[in-house]
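With our numbering, you'll find the sequence shown wraps up at 211, consecutive numbering, no jumps.
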Amino acid sequence: MSDCAVKRIIFTADEIGRRVGELAASLAADYPPGELATVAILKGSFVFVADLARQLSAHDVHLAIDFLTLASYGRGSVSPGRVRIEEDIALNVRDRDVLLVDDILDTGHTLRTAVDLLRGHGARSVRTCVLLDKAARRQVDIHADYVGFPCPDVFVVGYGLDYAGRFRELPYVGAISMPGGKCSGG
C-alpha cells in the first residue's frame, strides 16, 4: 500500500460543480447554439470535459468531442518539458472553431503543443479551457482563454488529475503529501 495521501482539499466537489456551470455559461455566450468541435487532452481532462459537456447542453451547445493523448509527466511529479503525442485526433477540425480542454495549465508545454497541433490540422481558431491554472510554474508564454481556478504551486490530484495513475476518481481537487518527496507503492 502506498504512503501517499491527500493532505488537504483545495477545491471541493461543490466548488468545482459551480465553477464548471459558470464556465459553461461563459462558453455559451461566446459560441452559438449548435455543435462545437472540442478536443480534450487525455487523460486528466476526461472528468472535466464530461461535466462541461453536460452543462453546455443545457445552453444548446453540443460538443463533438475527440481526444488527444499527450504525455509529459510519465510516472513522476515534475514535467521534464518534453511532450509526446501518443494519440492524435480523428475529428476533422479543418476550418472549424475548436475548444481545447485540459485539466491543468502549469508549465505550458502541453497546451502549447496541443494548440500548435490543432492549428497544424487547419483549425480556424483554437480557444483553450482549463480547470486549473498554475501560473507560478509557467515556462511557455501561453494563457488559457477560460480558467476554472487559479491553482497554488502544489502537486494536485483528483477530478481526473493523477499521480502515477492514482487519485483520478476523487470528486475534489486536493494536494497530496509525498513523504521523502515521492510516493511509494503502486
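We treat Cβ as the ideally placed atom computed from N, Cα and C, and that holds for glycine.
Residue environment: His-134 is assigned as buried (16 or more neighbouring CB atoms within 10 Å of its CB, all protein chains considered). Lys-159 is classed as buried because its beta carbon has at least 16 other beta carbons within 10 Å across all chains shown. As the crow flies, the alpha-carbon of His-87 is around 11 angstroms from that of Ala-75. In the DSSP assignment, Ile-41 falls within the alpha helix (DSSP H) that extends over 38 to 55. Shortest Cα-Cα distance from Val-172 to any of Val-182, Val-155, Leu-195 and Val-181 involves Val-155.
Within its own chain, the residues whose Cβ lies closer than 7 angstroms to the Cβ of Val-179, once the five positions on either side in sequence are excluded, are Ala-200, listed in chain order. Note that the C-beta distance between Val-165 and Arg-191 is not below 7 angstroms.
In the three-state DSSP reduction, Leu-195 falls in the coil class, being neither helix nor strand.
Nearest to Thr-37 by C-alpha distance, out of Tyr-188, Ala-189 and Tyr-184, is Tyr-184. DSSP places Asp-122 outside any alpha helix (DSSP H); the residue lies instead in the beta strand (DSSP E), whose first and last residues are 122 to 130. For Ser-150, the enclosing beta strand (DSSP E) starts and ends at 150 to 158.
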